[in-house]
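For reference, the structure is listed below as structure tokens.
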Amino acid sequence: MSERRVRVRFAPSPTGPLHIGGVRTALYNYLFARQHGGDFVFRIEDTDSSRFVPGAEEYILEAFAWLGITFDEGVSFGGEHGPYRQSERREIYKEYVKQLLDSGKAYIAFDTPQELEAKRAETPNFQYDARTRLQMRNSLTLSPEEVEALIASGQQYVVRFLIEPHQEVHVHDLIRGEVVISTDVLDDKVLYKSADELPTYHLANIVDDHLMEISHVIRGEEWLPSAPLHVLLYEAFGWEETMPSFAHLPLLLKPEGNGKLSKRDGDRLGFPVFPLEWHDPKTGEVSSGYREKGYLPEAVINFLALLGWNPGNDQELMTLQEMVQLFDLSRCSKAGARFDYKKMIWFNHEYILQKDDSEIAAQFQPILKEHGIDEPLERVEQVVTLMKGRINFVYELWEQASYFFLPPTTFDEKSLKKWWKDDAPTYVAELCDFIEKSPVFEGAALEPLVMDWIASKEWGVGKVMNAFRVTLVGAAVGPHIFALTDFLGKEETLRRARHALEVLKDVKEG
RNA sequence: GGCGCUAUCGUCUAUCGGCUAGGACGAGAGAUUUUCAUUCUCUAAAGCGGGGUUCGAUUCCCCGUGGCGCUACCA
């Protein structure tokens, strides 16, 4: 078994946008595949035609492209094991359903959904299994002729898996160890429905994993209860030898309160639960996405990787490549992890810090354009260099650094109260004159001159410089003042200061 | 209800029988600074309860309790 080529898959259902928990599952599969030099397969599980949502498949593909998670084969990637969309594999499944039917491991059942519903209503804890199947309308209770006649007459039916009672099923889980369950609690699961000629998840999943030579099934914990059924199916087909190893990942839980993370939590709590923004084609509802909210894909990946796994040391920031090296299923935790979006924000901050200023500038430039500001990349980059340490998102640069590009039109009241006192206009006016006459303007040279000058005047450095700052920025915020004047240039610096002097005079008198 | 999984600071987690229980996020305090922020330093903060096993249990086992999941002709 150690000789077997590692092949894993991510197999979403195209019923909507990709959930962030699904992203993490895909990520772990990706890391595992890459680490072992194996293959990563992208399969679409669209066996429930009624839940199909147009655009979902494209959305999922786009999300992974953005995140940098790549596949080796599957829908849109090609490969030798196709088709990779289950709805295109009907004929394959029929063959295997027949095999189970012929070997007596499955049977045909005619009970309608309504009949079953009624049965469940009248019988508490009703389960279609060894205790009840002989009271139902199926090929076990009907004669072959009756069954044939029913099918010939167009009766819809399903194929159920016949579960032998009183047996123990052992599931070997790479994260949880051995899980043992009695077949007495399992029901005869529907494997195939004649109505749409499609199998259900369980059958399609096992057949595809087998045919696609999947070696490891790494999926969410919500699948653990059906893992025994899957083991039984492998056995029914006689595929024990090549049955994949299982690993059931802990679930992602709500940041607060009870339950697993769901669609609704995101926008309610102020963070996205989807990688990309999603426009629901039916309801028109829009759900926010990490990309549109200004998160960097590297940050999302890094944060998600650590939700349920750790490298065994204190390292938290790591590239996808490092994760590939370090990943280890045996280092995955077993209990669900609450989604701590504040830490997610911290990761984004860290990744912004790591990124080249030019890259951040390239992202900030279009935001400036939206506000009617057309600046060369070089200028934008200067601002990024000065300001990126204090932001968590690129768009925050606009909120925190727009004054680099636009002179203040209003002046912050608190800042004025603190720094725009009686002597402030004198300080600024004289400072402007001093700067105007100064032989140098570049901050590194100008600063010591200004400091000496302030000292000779016996004014406080803080009083003068903060008053000056308010005239340039409009508030007592921002980077080192001489870094700002360097950016603005002599002309603009003096223009802003003197203009503010005028405006503030009026304000005071008014 | 039944079945299963699970349990260390508020949160994510380290510890694979020896602990003064470590790190990170968040929180608080301080330092630096001409503002704000950054940065730096420090502080508070945890082993669900009860039984075993053992020289010794956070670590292994059992019970309880809590949390989570599954319980469809959905995945």
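Note that the numbering used here has the first sequence beginning at 47, numbered continuously upward.
Note that the Cβ used here is the ideal one computed from N, Cα and C, for glycine as well.
Decide if residue i is buried, meaning its Cβ has at least 16 other Cβ atoms within 10 Å, or exposed.
| i | result |
| --- | --- |
| G316 | exposed |
| V332 | exposed |
| A546 | buried |
| V531 | The sequence as given places Thr at residue 531; Val does not occur at that position. Buried is the call here. |
| N359 | exposed |
| S308 | exposed |
| V486 | exposed |
| N184 | buried |
| M47 | Caution is warranted here: a pLDDT of 48 is assigned to M47, below 50, making its placement in the model unreliable, and the coordinate value is therefore given only provisionally. It counts as exposed. |
| S189 | exposed |
| K434 | buried |
| T456 | exposed |
| T68 | Checking the displayed sequence, the identity of residue 68 turns out to be Gly instead of Thr. Under this definition G68 is a buried residue. |
| P60 | buried |
| M289 | buried |
| H325 | exposed |
| Q160 | exposed |
| P100 | exposed |
| A79 | buried |
| D469 | exposed |
| M511 | buried |
Quick one: what's got a C-beta closer than 8 Å to residue i's C-beta in the same chain, skipping five residues either side?
| i | result |
| --- | --- |
| E126 | E119 |
| T329 | none |
| V143 | A152, V205, L237, Y238, P245 and L249 |
Considering Cα atoms alone, identify which of the options is closest to residue i.
| i | options | result |
| --- | --- | --- |
| G535 | C478, G520 and A522 | C478 |
| Q213 | K415, I347, I227 and A383 | I227 |
| A351 | V54, P58, T93 and A72 | A72 |
| T229 | I209, H65, I221 and K239 | I209 |
| F123 | F156, K144, F110 and F88 | F88 |
| D233 | L278, E194 and P245 | L278 |
| V146 | F207, E191, Y441 and A167 | With the sequence shown as reference, residue 146 is identified as Leu, and Val is not the correct amino acid for it. Minimum Cα distance to L146 is reached at F207. |
| L275 | T246, I260 and L298 | T246 |
| W112 | M511, S379 and P343 | P343 |
| S376 | W285, R50, F56 and Y74 | Y74 |
| R425 | V440, F439, I413 and A407 | A407 |
| G508 | E488, W466 and H65 | W466 |
On the DSSP letters alone, give me the boundaries of the beta strand (DSSP E) that residue i sits inside.
| i | result |
| --- | --- |
| V231 | Element bounds for V231: n/a, residue is neither H nor E. |
| D219 | E214 to D219 |
| G266 | H262 to G266 |
| F56 | R53 to F56 |
What first and last residue would you give for the alpha helix (DSSP H) that runs through residue i?
| i | result |
| --- | --- |
| A198 | P190 to A198 |
| A273 | A273 to F283 |
| G96 | The sequence as given places Ser at residue 96; Gly does not occur at that position. S96 -> no alpha helix (DSSP H), and no H or E assigned at all. |
| D254 | Y247 to L257 |
Identify, in the order they occur along the chain, each residue of the same chain with its Cβ nearer than 6 Å to the Cβ of residue i, setting aside the five sequence neighbours on each side.
| i | result |
| --- | --- |
| P63 | Y105, F320 and W324 |
| V121 | F88, I90, Y130 and R131 |
On the DSSP bridge assignment, give the partners of residue i in chain order.
| i | result |
| --- | --- |
| A152 | F207 |
| N384 | According to the sequence as given, residue 384 is Arg; it is not Asn. L299. |
| E224 | H218 |
Please work out which residues of its chain come closer than 7 Å, Cβ to Cβ, to residue i, disregarding the five sequence neighbours upstream and downstream, and give them in chain order.
| i | result |
| --- | --- |
| W269 | H294 |
| E243 | R136 |
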